[in-house]
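K.L.:
My structure is below; once you've seen it, I'll send some questions.
Number of protein chains: 8
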Amino acid sequence: MKKILQDYKAGKVSLTTVLKKLKTLPYEDIEFAKLDTHREIRKGFPETIFCQGKTTPQILQILQKLPADQNILLTKANKTIFTAVKKLIAIASYNEAAKTIVIPRYKPRKKKGTILILTAGTSDIPVAEEAVVTAEIMGNKVEKVYDVGVAGVHRLFDIKEKIFHANVIIVIAGMEGALASIVGGLASKPVIAVPTSVGYGASFHGIAPLLTMLNCCAEGVAVVNIDNGFGAGYFASLINR
Amino acid sequence: MKKILQDYKAGKVSLTTVLKKLKTLPYEDIEFAKLDTHREIRKGFPETIFCQGKTTPQILQILQKLPADQNILLTKANKTIFTAVKKLIAIASYNEAAKTIVIPRYKPRKKKGTILILTAGTSDIPVAEEAVVTAEIMGNKVEKVYDVGVAGVHRLFDIKEKIFHANVIIVIAGMEGALASIVGGLASKPVIAVPTSVGYGASFHGIAPLLTMLNCCAEGVAVVNIDNGFGAGYFASLINR
Amino acid sequence: MKKILQDYKAGKVSLTTVLKKLKTLPYEDIEFAKLDTHREIRKGFPETIFCQGKTTPQILQILQKLPADQNILLTKANKTIFTAVKKLIAIASYNEAAKTIVIPRYKPRKKKGTILILTAGTSDIPVAEEAVVTAEIMGNKVEKVYDVGVAGVHRLFDIKEKIFHANVIIVIAGMEGALASIVGGLASKPVIAVPTSVGYGASFHGIAPLLTMLNCCAEGVAVVNIDNGFGAGYFASLINR
Amino acid sequence: MKKILQDYKAGKVSLTTVLKKLKTLPYEDIEFAKLDTHREIRKGFPETIFCQGKTTPQILQILQKLPADQNILLTKANKTIFTAVKKLIAIASYNEAAKTIVIPRYKPRKKKGTILILTAGTSDIPVAEEAVVTAEIMGNKVEKVYDVGVAGVHRLFDIKEKIFHANVIIVIAGMEGALASIVGGLASKPVIAVPTSVGYGASFHGIAPLLTMLNCCAEGVAVVNIDNGFGAGYFASLINR
Amino acid sequence: MKKILQDYKAGKVSLTTVLKKLKTLPYEDIEFAKLDTHREIRKGFPETIFCQGKTTPQILQILQKLPADQNILLTKANKTIFTAVKKLIAIASYNEAAKTIVIPRYKPRKKKGTILILTAGTSDIPVAEEAVVTAEIMGNKVEKVYDVGVAGVHRLFDIKEKIFHANVIIVIAGMEGALASIVGGLASKPVIAVPTSVGYGASFHGIAPLLTMLNCCAEGVAVVNIDNGFGAGYFASLINR
Amino acid sequence: MKKILQDYKAGKVSLTTVLKKLKTLPYEDIEFAKLDTHREIRKGFPETIFCQGKTTPQILQILQKLPADQNILLTKANKTIFTAVKKLIAIASYNEAAKTIVIPRYKPRKKKGTILILTAGTSDIPVAEEAVVTAEIMGNKVEKVYDVGVAGVHRLFDIKEKIFHANVIIVIAGMEGALASIVGGLASKPVIAVPTSVGYGASFHGIAPLLTMLNCCAEGVAVVNIDNGFGAGYFASLINR
Amino acid sequence: MKKILQDYKAGKVSLTTVLKKLKTLPYEDIEFAKLDTHREIRKGFPETIFCQGKTTPQILQILQKLPADQNILLTKANKTIFTAVKKLIAIASYNEAAKTIVIPRYKPRKKKGTILILTAGTSDIPVAEEAVVTAEIMGNKVEKVYDVGVAGVHRLFDIKEKIFHANVIIVIAGMEGALASIVGGLASKPVIAVPTSVGYGASFHGIAPLLTMLNCCAEGVAVVNIDNGFGAGYFASLINR
Amino acid sequence: MKKILQDYKAGKVSLTTVLKKLKTLPYEDIEFAKLDTHREIRKGFPETIFCQGKTTPQILQILQKLPADQNILLTKANKTIFTAVKKLIAIASYNEAAKTIVIPRYKPRKKKGTILILTAGTSDIPVAEEAVVTAEIMGNKVEKVYDVGVAGVHRLFDIKEKIFHANVIIVIAGMEGALASIVGGLASKPVIAVPTSVGYGASFHGIAPLLTMLNCCAEGVAVVNIDNGFGAGYFASLINR
């Protein structure tokens, strides 16, 4: 832009030309400003591809357009997709439970605090693992404790120290999702609640724990979408900065 | 019936007459058998009138048809109804929180076990009081502890002994209703969960705690209708026999 | 703990050491107290594994951690899981309708009362069988009568005696779930209603019978989750103690 | 039309005029044909005005346009509307429970069969009365039995004869609506089920009995809208012809 | 019973014996009375087996228990079931669209009126065929016209005569289900509306047409469950008597 | 901007100053560009204030900030609001049915085509009037025909010519909303469907007609929010340009 | 008709015969009028077959009945259907993403304006392609820009010119569907919003974007059914005339 | 505890007494530990009373039990409650829009970062004010910008700097709730989304914006209950530490 203005002052371009250029500039500017801002902000943040509903060719095409020095995270990716990605980018690695592919180009800058990830049951582990992978590639230290649901509330007391020392806590629960309320009542740090579609009958594919968590009477609990381990990991990472 | 048969044998009535009588008898029999059975079963059980949707004249009419030596319980009764009932039956007494009228004609036979009634919050008390009134007029010893919701789970431990010693536990909670899960996890006796319409937003007038309680991952929890304190008290009393 | 205190009095350990020990003790205590309490309570109660959403390796791992002298019940278990379990523990047996695996290490103590299990239709049998298996391994005498739905209410009268003599009744029904109301009107003992996902169209995978049962105008009916035969069997067993 | 054609043949009107007339005739014809057909069909059928959502002036205006020799039925009419209507048409009479106004200009032709109208509870009476008024002004003999809900199924047997002898049965029930299933199982004539918004909590303003009735496992049951006593009375009358 | 009484008069049996016998008689009586009544009523009515959720062995077992001279109708039956049934009962025939099996042991008594069965679209035909098969085996004359949905309302006028001459009309429609309203507005006979799960998106598996039909502003329309062609055929047949 | 550049070339401002100014310019530019674009586009379009949820002082404050030469439309405005507005701006006029206030500062430019507004019933008129007011203040010629619901489909044929000659059609219907489907099947111009909350029971405050209209099998129908007469009028006006 | 009247005047047919003929004429007239009207209107419009729920033989049968000089569009068609259609009509072509078959018999008349089709994500492309195919076979110029969802709102500014110059805009979005609101706020032309079933968890198969779009606070947005790309393309084409 | 042990060592109390005391100690300990932990954590955090569903006497009673040196916040408090509280505690002050009462006993410790609170419309202000009051009494610097909804997305760009500089952002929106998605796409800090019950028709008292926000395709957004301004302010404050 500087150059345009200097050329204009030097009489190389007319006023009309400058004005015309400036008319479209704002939008380019926004875009670049935004990208710049984001790039700086995103230090250590991966590019993310949500694979569900995309064809494998589409995913490969997107991968090839992304900058070659970026960390990349693919979520909701099945094994077929992984095989195709692996052929293209050899360092890609797969977490089968989480259904995530990670393409680690550089080591993310380590953050100080710990993110504690709890699940109510064994069946909630896939969602939890998605959160773990997401938080870790963003440079967070993650501690995970699975299967501490409220049916045996005494199990929670064994991990009391972890709850008190974590910087952010992610609580992942299906069925009735009451774990978020208990942890929210014990903890003094932000609790991110993730309802899962684990359960049957009146759990209605995650509606029951979703409502439980939204109505949580303990303060300091916010909720993300059903089965959205990625969103919880990302949000926790934003807090943990 | 014995008399009919004897009259028949004695030739006083014809075979046709007996057969005709017997044709309608079954239905009368069922009715009476049923009433008899019930009467015996119901020793100490009040007649109950659900007032919502009934006009005051209708309620008074029903009251006058009921046997004059029965205990009677009226639920969802507003003050206007009470005033009218009181004029008719002087011993009627009103519980304003519970919106119940009790007409105590005799002292119910005392049962041995204790029914423990817990609420998550202060706003759940009206539903709890309905359960208390119901359980007491059925002869149960009731212990009540209000406002022990999961936001401060340590409050539950103060009443640990009550939880372990009760014969049946009624847990009443609105908002997210997680208290039922915690108590269900601690107790070894039947827990009856009552969702309440207390809350706002995504509690959807009791749907949130209803789903929570139905999906309760702790064993030994069953659920009654939203705000149905009477049903919980009645069911608890059946168990406490 | 007694020993610690005696050691302390004897001067073998310092006040600081005792205080430090006691600081963590509460939580260990809770856990053990809880386990002890439960163990005593649970005499004759099986450990239960809910298989849905768990991988076969996870299930086998859990099985190996459970005490070797415990009765174990696995619910929502398909045949593949059974084959794997059978290899590990030869005495495991499978109920194909109920999708339950039972590992019977000892004979449960027999209880006195009878649990009557009714279904409205033939298609409700799998849920009923889960309740049967659960109640039996907890030492209950179970009587079952299937296919007595309200479309032919006279069939209920044939089993009138069973209804009057049972200590607890489990009513399992899909479609409109009205059987619970009828049985609730006839019986004078607690009725546990289990809605099933049997039906089509506006049964909405069990919502119709769930709502029917929650709104049951007969007193003495409580409800568990859709298709939750296990929960009903367990709750009935708690009442039958 | 006959006249037009005769005039045309007589040369009084031109071919063009006849053709033009016929072009618009169809639509008028449909209307008239329809009205004619209907009039014949409707012998003894009232004109009906659904008052909810209409202003009193609108209702009076409609009334003045209707033929002065017709029976007229106004539904969902409050007392204010009645007062205004009464001023206009002195023979108008009001059923307060049903919230119906009837303007009886002639005696409807009596039909042979009986329509039996049952309610589960006392609170369902307003809906039932709407059905009664509707059926009666259409010339049907109506028998009504209120408060025979399934909580005391033996009460139904007292009216066994009525159930067997009616030509059509209307079953009106709120809460869980199970009465329709029982009557459907006993009766061999068409049963019209009307869910009502009577109840609380999980009855969800009539959704619970609506679903119950739609899923009715007894054959021979069809359903109308929640609280639609008029619709049930009308449909029953169509069957009773 | 007559014999018992005669034996009693003749002194062959004691009063006690007679009384004891009569005590259980009512229930047996009800059953038989009911069966008798029904048998008479059901002249020309088939026994019906709803196959969904039943195993093939269960279906065969039920078939073998049914009287060998009865017409039998099996609904929601897949081809596997038909193959098994065909082996057992050679005269069984299959309607693939309707998924019905008919076992025709005798010709049903013909009824006078016609049942007109309309569908809005081609995709609604399977539900319609279930209604056709049901109505025909009950002795009704059925006329069927498919694909006359409201998107081209003029198609309805082609069948105006059929609509005016039918005794009962069944309207089967998915998507928005508006056909029932139109036909209800044209016809003067009872219209039975069947919502189907045909559609996508906001049809929500039949909820959209179900609500449309329940709210039908035309008088004379009643509704059965989503996809319940059998129920509509049966109900129409009851009216057509 | 032109001036800044000329000043810069003239040496009156430095390069740094120009660059700094341009950095914030984009956003201001967007705003102005947008406003300009809109102003031009909006010739004849009123400013609109949605009153529901706003206090009267807030509404008056907004009114005072709007340009004094603009036409203004206030929707969902009760009489209290109108009284306050009238005091401030004397030319304000109120449509009581529509609950709209119009402040007409200039005559909108007339458009050529006609917008036809139909309602199924009398109770839908308030929503229709909101659409009428909106379309008229935007310069459209509006024709309105009320109460042509499908229960008497022949009434539609009387207005056949209007349907064929309109440029856009707005169909407003509550209860089952089937009118949109019929009109959609007849018309060859865009049909905008507005579900209303008119009805009771299973109309669920407008959900029934909303689903009907979304599933409309006739082509050429789009839907706006329940009771959103304003949105329909506005959208129709956009099409009518 | 003219001939009939002339024959009648000439005495060739009796008055009775003419009257009889005229009685059925209206309906035939309506039909033909309608078809004529439609034919003229539909210039360049394809016949459309919605394939979902139809068998391949049914589709082929319908195809053979359609006029051989018409453009035909088949939607929701899988590959098996295409193979069968291709055998019958060699010029048929398939769009795999859109699941549409086009049978192009003549070139549609080109329209002037442009329809801009936007998607929020890559997964929304199949729905968008259905809209594209539909709009193109109706003679519209289509511009499509995919993957401009609100997560990166700056991408929208790059296409600012396209938004300002299009005549109609179709916005296709799943998940939360917010793109419609943004585009509605920027554009001054009609925006047709299509919710898609893309997403998971609380998107509830398209309910989330459907509600978002219906509640769109930007003016000038109307909505079609979930995943209804065809409907959006058709409606846009009607506006674009 | 130290004293007990010293007394024991000194022989003042017996081993039995100590053991007995320790048996109940754990629970007391938990309580105190919890309270201690909390007290330290809560420096500057107010005690909170949720007033909805509580009677005024109950609220006053709770107030009197709370420590007299604590800051106290009462939410969902109407004016009647405020008048009563004011009489008791003179320094209490009321925010009428927010319906909050604040009892400020000490100045909370100021936090560094800023919480930015945005609303989509004017009607969302009450919820926003609840968040403002909550965040401020917890010592946060709050910046608030109201009425920047997506219908005029350019308004957002005016506050770009505020969005980039805030430490946490609370987005409050009713109707379709799309503002959260846009802000989530622009911001690089955690965004807390609060759906409000503002809107009508298909906003379903906040369900529409709730679903929008849960499905937010922008990363870094978490959701609290409908209308839960308090929860958002509290959660933001936890992050802002």
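Protein chains in written order, with numbering that gives the first Met the number 0: chain A, 0 to 240; chain B, 0 to 240; chain C, 0 to 240; chain D, 0 to 240; chain E, 0 to 240; chain F, 0 to 240; chain G, 0 to 240; chain H, 0 to 240.
Heads up, the beta-carbon is just placed ideally off N, CA and C, and yes, glycines get one too.
Keep in mind the model is a prediction, meaning the values are calculated, not measured.
Any idea which residues DSSP pairs H:Thr195 with across the strands?
P.N.:
None; H:Thr195 has no bridge partner.
K.L.:
Can you tell me where the beta strand (DSSP E) holding B:Tyr93 begins and where it ends?
P.N.:
92-94 is the span of the beta strand (DSSP E), which, as asked, contains B:Tyr93.
K.L.:
Cβ closer than 9 Å: which chain C residues qualify as neighbours of A:Val197?
P.N.:
Result: Gln51, Gly52.
K.L.:
Go to C:Leu115, then tell me how far its beta strand (DSSP E) extends in each direction, as first and last residue.
P.N.:
Segment 113-118, the beta strand (DSSP E) holding C:Leu115.
K.L.:
Any idea if E:Ile90 is buried or exposed, counting beta-carbon neighbours within 10 angstroms, 16 or more meaning buried?
P.N.:
So E:Ile90 counts as exposed.
K.L.:
Mind the definition here: the region 223-231 of chain G touches the region 187-200 of chain E only if three or more C-beta pairs lie below 8 Å; say whether that holds.
P.N.:
Because the criterion of three Cβ pairs below 8 Å is met, the region 223-231 of chain G and the region 187-200 of chain E touch.
K.L.:
Using a Cβ distance threshold of 8 Å, determine whether the region 115-123 of chain D contacts the region 44-54 of chain B, with at least three qualifying pairs required.
P.N.:
A contact exists between the region 115-123 of chain D and the region 44-54 of chain B.
K.L.:
Kindly list the residues whose CB is nearer than 7 Å to the CB of H:Ile102, restricted to its own chain and excluding five residues on each side of it in sequence; keep chain order.
P.N.:
The answer, listed in chain order, is Asn70, Ile71, Ile88, Ile90, Ala91.
K.L.:
Where do the ends of the alpha helix (DSSP H) carrying F:Thr82 lie?
P.N.:
That run of the alpha helix (DSSP H) goes 78-87.
K.L.:
Taking CB distances under 8 Å as the criterion, tell me whether A:Thr121 reaches chain C.
P.N.:
Yes - at least one Cβ of chain C is within 8 Å of the one on A:Thr121.
K.L.:
Between A:Tyr105 and the rest of its own chain, which residues show a CB-CB distance below 8 Å, the 5 nearest in sequence each way excluded?
P.N.:
Same-chain partners within the cutoff: Asp68, Asn70.
K.L.:
If you draw a straight line from the alpha carbon of E:Ser144 to that of E:Gly205, how long is it in whole angstroms?
P.N.:
The sequence as given places Val at residue 144 of chain E; Ser does not occur at that position. Rounded to the nearest angstrom, the two C-alpha atoms are 21 Å apart.
K.L.:
In three-state terms, what does DSSP make of F:Ala177?
P.N.:
Note: F:Ala177 maps to coil in three-state DSSP.
K.L.:
Are any of the Cβ atoms in chain B nearer than 8 Å to that of A:Ser92?
P.N.:
For A:Ser92, the answer is no, since every Cβ of chain B falls outside 8 Å of its Cβ.
K.L.:
Residues of chain G with CB under 7 Å from F:Lys8, in chain order?
P.N.:
Within chain G, no residue comes near F:Lys8; the closest Cβ sits about 29 Å away, beyond 7 Å.
K.L.:
Would you kindly work out how many angstroms separate the C-alpha atoms of C:Lys111 and C:Asn139, rounded to a whole number?
P.N.:
The alpha-carbon atoms of C:Lys111 and C:Asn139 are separated by roughly 7 Å.
K.L.:
May I ask which residues mark the beginning and end of the alpha helix (DSSP H) holding B:Lys188?
P.N.:
Neither: B:Lys188 is in no alpha helix (DSSP H) and is coded neither H nor E.
K.L.:
Here's the rule: buried if 16 or more other CB atoms are within 10 angstroms of the residue's CB, otherwise exposed. What is A:Asp35?
P.N.:
Caution applies to A:Asp35, whose pLDDT of 36 falls short of 50 and renders its modelled position unreliable; the model cannot decide the point.
K.L.:
Helix, strand or coil, according to DSSP, for H:Ala172 in the structure here?
P.N.:
In the structure shown, H:Ala172 sits in a strand (DSSP, three-state: E or B).
K.L.:
Taking only the alpha-carbon atoms, compute the straight-line gap between B:Val149 and B:Ala165 and give it to the nearest angstrom.
P.N.:
B:Val149 and B:Ala165: Cα-Cα distance of roughly 20 Å.
K.L.:
What residue range is occupied by the uninterrupted beta strand (DSSP E) comprising F:Ile100?
P.N.:
Here the beta strand (DSSP E) through F:Ile100 covers 99-102.
K.L.:
I'd like to know whether the C-beta of D:Gly200 is nearer than 8 Å to at least one C-beta of chain B.
P.N.:
So, interface residue.
K.L.:
Have a look at A:Thr82 and A:Thr74 and give me their C-alpha separation to the nearest angstrom.
P.N.:
Those two C-alpha atoms are separated by around 14 Å.
K.L.:
Could one say the Cβ of G:Leu62 lies closer than 8 Å to chain E's Cβ atoms, at least one of them?
P.N.:
Answer no: the Cβ-Cβ gap between G:Leu62 and chain E never drops below 8 Å.
K.L.:
Here's a check: name, in chain order, each residue in its chain whose Cβ is nearer than 7 Å to the Cβ of G:Asp303, leaving out the five neighbours to either side.
P.N.:
No answer is possible for residue 303 of chain G: the residues shown for chain G start at 0 and end at 240.
K.L.:
Going by C-alpha to C-alpha distance, which of G:Ala127, G:Ala134, G:Lys109, G:Ala179 sits closest to G:Glu95?
P.N.:
Looking at the Cα atoms, G:Ala127 is the closest of the given residues.
K.L.:
Count the C-beta pairs between the region 168-181 of chain F and the region 210-219 of chain E that are closer than 8 Å, then say yes if the count reaches three, no if not.
P.N.:
Cβ pair count under 8 Å is three or more, so yes.
K.L.:
Within 10 Å of its beta-carbon, does E:Lys98 have 16 or more other beta-carbons around it, so buried, or fewer, so exposed?
P.N.:
Classification of E:Lys98: buried, given that the 10 Å Cβ count is 16 or more.
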